[in-house]
Each structure stands twice: as structure tokens, then as C-alpha cells.
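**Student:**
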Amino acid sequence: MPMSKNAEQAAALLRTRGAVEPVDFAVLLGFGLGGFSEMLSGGVSVDYAELPGFVAVDEPGVTGRASIGAFEGANVFMLQGQPHFFGAGDPTCMMTPLLTAKALGAKYLLIFATAGSCKADLYPGNLMLVTDHIALFGLNPLIGLTGHDTIFSLHDAYDPRLQRRIKRAAAGAGVPLQEGVFLWATGPTFPTPSEARAARQMGADAIGFGVAPEIILARAIGLRAAGVVAASHIFSGLQASEPPSLAENQKHALAALVPMRRLLRAFMKTADTF
14 MPMSKNAEQA
24 AALLRTRGAV
34 EPVDFAVLLG
44 FGLGGFSEML
54 SGGVSVDYAE
64 LPGFVAVDEP
74 GVTGRASIGA
84 FEGANVFMLQ
94 GQPHFFGAGD
104 PTCMMTPLLT
114 AKALGAKYLL
124 IFATAGSCKA
134 DLYPGNLMLV
144 TDHIALFGLN
154 PLIGLTGHDT
164 IFSLHDAYDP
174 RLQRRIKRAA
184 AGAGVPLQEG
194 VFLWATGPTF
204 PTPSEARAAR
214 QMGADAIGFG
224 VAPEIILARA
234 IGLRAAGVVA
244 ASHIFSGLQA
254 SEPPSLAENQ
264 KHALAALVPM
274 RRLLRAFMKT
284 ADTF
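Heads up: the sequence shown begins at 14 in our numbering, then just goes up one per residue.
(1) Tell me, to the nearest whole angstrom, how far the beta carbon of L111 is from that of L123; I am working on the premise that it is less than 8 angstroms.
(2) Candidates R210, F280, G55, N19: which alpha carbon is nearest G185's?
(3) Any C-beta of chain C sitting closer than 7 angstroms to the C-beta of A233?
(4) Note down, one range per segment and in chain order, each alpha helix (DSSP H) of at least 4 residues found wholly within the region 171-219.
(5) Could you check the C-alpha separation between L155 and A225 for me, to the nearest Å?
(6) Buried or exposed: which applies to A233, given that a residue is buried once 16 or more other Cβ atoms fall within 10 Å of its Cβ?
(7) Rounded to a whole number of angstroms, what is the C-alpha to C-alpha distance between E72 and G100?
(8) Quick one: any contact between the region 164-179 and the region 197-214, if contact means 3 or more CB pairs under 8 angstroms?
(9) Whose C-alpha, out of A268, V143, F248, is nearest the C-alpha of A170?
(10) By the 10 Å Cβ neighbour count, where 16 or more other Cβ atoms means buried, how is A239 classified, buried or exposed?
(11) In terms of alpha-carbon separation, which member of A79, T113, A114, P201 lies closest to G56?
(12) Could you check where the alpha helix (DSSP H) with L27 kicks off and where it finishes?
(13) Who are R78's beta bridge partners in DSSP?
(14) Where does the unbroken beta strand (DSSP E) through I247 begin, and where does it stop?
(15) What first and last residue would you give for the alpha helix (DSSP H) that runs through I229?
(16) Taking the alpha carbon of R181 as the reference point, which residue from L26, L276, T76 has its own alpha carbon closest?
(17) Taking Cβ positions, are L117 and A24 nearer each other than 7 angstroms?
(18) Could you check where the alpha helix (DSSP H) with F49 kicks off and where it finishes?
(19) Here's the rule I'm using: 16 or more other beta-carbon atoms within 10 Å means buried, otherwise exposed. How should P289 be labelled?
(20) Would A183 and C131 qualify as a contact pair, given that the criterion is a beta-carbon distance under 7 angstroms?
(21) Does the distance from the C-beta atom of L46 to that of F125 stay below 7 angstroms?
(22) Near L267, which residues of its chain fall below 6 angstroms by C-beta distance, leaving aside the five closest residues on each side in sequence?
So, in C-alpha cells, the structure goes:
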């Protein structure tokens, strides 16, 4: 897939600010998962608003920032804050940031996000490695991108090698990590109890507003990708629970920060073997 002018300009701006190249990994942080960028050393950080083609984040009180720096010996391009289809009105809203990562040399994308649980033993704060996704709602971020190679298999969309490395890192760091299937919902409203039950019957273990579009975009531009989600609530209608809310999501996302950071640190310690 050809590089976009916006991505080229964004990469050039980051270079003028002192960005280290080549980048080894891109890391996308979803809803409620701020506070990772201070883990980077000797880097540069730029607001999305300054970068051409970067879309504003739809999370209340969050300013999207792109940061580049060293982390456990790897050069990391960290995208802190994720715009979603429901806010941008465009499922390709993460295309420019991902193309920018590729322009800076990234070959891998790690997505960390939050999601609602529709699995009996996936409790708020638990982490789940995404092994596959369900996205059957008539939306695909590649629709309309004529002239690009958009027809391809997603049988290994969640890169098996990255998954093995993530599981190994979690075990080494003592971070409990479940595995499961993610269902992409467009948002911004949470699914109804009937929708959550239907998702479970379809084979979903978690439901969220992102991940799947970014995985599809990543594969289209040649990035190998994987995703880990933190359960932020259990959907009502599946178990006795309070209806999901923004405040509850933020609370459980905050609780998941510590194990997620431990997992990412353990993973990056093996980056030189990729």
C-alpha cells in the first residue's frame, strides 16, 4: 500500500523534533490506558493536533500524543489515545498514524485496549490476548480504498509469532493472561443485553469499539500485529452486574495499567531477538 502524503509529512515532523529511527515497534494505547509514555527514555512527544492526518481522540479529557523513545533497548513509537469510528465517522481514522509508524521503520504493531467481557471467567481488570475477531456489521476500513491490495485473508490477522512472544512474556512476568475472540462494535453506545448474549453465542469473549479496524489496516500496510485487551466490565444480561458506564471503564482500565505495563516491559526485553 503506497505511503500517504499526510504520513510522510507526519514522519518528517517527528524527525525534525528528534525522533529516533528506525522504530522497532508501534504500540497503540486505547481507552483509559494513558500513562505509558513516561516509560520511554530519550524521546520526543507530539500532540496529534500537530501531526497531519491524525484524528482527535474521542476519549473525554484525553489529548492524543505520539511519542518515540527507547524502551528496554527497543525504539518504540507509542500512540497514546485512539480515535474510533463512532467519533471520527470513518473506520480508517487510524490509517495515517499506522502509515507514519511504517514510514519510521516499524514492522510490528501491539494494540492495548479495553473491552467489555461476555465470558464467564473474564472479570474486570483481567487481561485477554486476542486470538481472532468478529466484525460482521457491514463496515470494513478497507472499503473504498481503490488501487490498493485490499482483498486478502485474515486467517492469521493476529500474528502467531507475536502471540507466542506475548504469552511467553506474560508467563515470565507473572501476569495472568487469558485468550479469546474479540467482537468489534461500532459504539458509541454499549451493546444491549440481547446483543451481548448474541455476541457470546457467536463465539465472542469480549466486545469493544476498536482493535479489529486497526488490525485490518495494519495487515493491509504490511505490519504484523497483535492485541491485548483489559476487561473493563461484564455486560448486563450475562451475569448480575451494573450496566456499563464510562466511569466504570476508566476505573478498571486504571487497575489494568500495572499488569499491562509489566507485560509490555517483559515483551520489550526480548525485542532484540526479533
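For each residue, glycine too, the CB sits at the ideal point set by N, CA and C.
Given the structure is predicted, the values throughout are model-derived calculations rather than measurements.
**Tutor:** Looking at the atomic coordinates:
(1) The sequence position of residue 111 within the sequence shown is 98, counting from 1. The sequence position of residue 123 within the sequence shown is 110, counting from 1. Going by Cβ atoms, the distance from L111 to L123 rounds to 12 angstroms, so no, they are not a contact pair.
(2) In the sequence shown, the residue the question calls residue 185 occupies position 172. Nearest neighbour of G185 by Cα position, chosen from R210, F280, G55, N19, turns out to be F280.
(3) Reference to chain C is not applicable here, since this structure consists of a single protein chain.
(4) Listed in chain order, the complete alpha helix (DSSP H) runs (minimum 4 residues) inside the region 171-219 are 173-186, 206-215.
(5) Against the sequence shown, residue 155 aligns to sequence position 142. Against the sequence shown, residue 225 aligns to sequence position 212. Using only the alpha carbons, I get a separation of about 12 angstroms.
(6) The count along the sequence shown starts at 1 and reaches residue 233 at position 220. By the 10 Å Cβ count, A233 comes out buried.
(7) Position 59 of the sequence shown holds residue 72. Position 87 of the sequence shown holds residue 100. The C-alpha of G100 is placed about 9 angstroms away from the C-alpha of E72.
(8) Too few Cβ pairs lie closer than 8 angstroms, so no.
(9) Along the sequence shown, read from residue 1 onward, the residue named residue 170 stands at position 157. Each of A268, V143, F248 was checked against the Cα of A170, and the nearest Cα belongs to V143.
(10) Taking the sequence shown and counting its residues from 1, one reaches residue 239 at position 226. Its Cβ being crowded by 16 or more others within 10 Å, A239 is buried.
(11) Along the sequence shown, read from residue 1 onward, the residue named residue 56 stands at position 43. Checked all of A79, T113, A114, P201; the closest Cα to G56 is A79.
(12) Translated into positions along the sequence shown, residue 27 becomes position 14. In the DSSP assignment, L27 falls within the unbroken alpha helix (DSSP H) covering 18-29.
(13) If you number the sequence shown from 1, residue 78 lands on position 65. For R78, which the question treats as bridged, DSSP gives the partners D60, Q93.
(14) Translated into the one-based positions of the sequence shown, residue 247 becomes position 234. Taken as a continuous stretch (DSSP letters only), the beta strand (DSSP E) holding I247 covers 237-247.
(15) On the sequence shown, position 216 is the one that residue 229 refers to. Unbroken alpha helix (DSSP H) run through I229: 225-233.
(16) On the sequence shown, residue 181 is found 168 positions in, with the first residue counted as 1. Looking at the Cα atoms, L276 is the closest of the given residues.
(17) Translated into the one-based positions of the sequence shown, residue 117 becomes position 104. Translated into the one-based positions of the sequence shown, residue 24 becomes position 11. Annotated as proximal: L117 and A24, with beta-carbon spacing under 7 angstroms.
(18) Reading the sequence shown from its first residue, position 36 is the one you call residue 49. Per DSSP, F49 belongs to no alpha helix (DSSP H) and is neither H nor E.
(19) This structure cannot settle anything about residue 289, because the visible part of the chain is limited to 14 through 287.
(20) Locating residue 183 in the sequence shown gives position 170, counting from the first residue. Locating residue 131 in the sequence shown gives position 118, counting from the first residue. Contact check for A183 against C131 fails: the beta carbons are separated by 7 angstroms or more.
(21) Numbered from its first residue, the sequence shown carries residue 46 at position 33. Numbered from its first residue, the sequence shown carries residue 125 at position 112. At a Cβ-Cβ threshold of 7 angstroms, L46 and F125 count as neighbours.
(22) As a position in the sequence shown, residue 267 is number 254, starting the count at 1. Closer than 6 angstroms at Cβ, skipping near neighbours: no residue.
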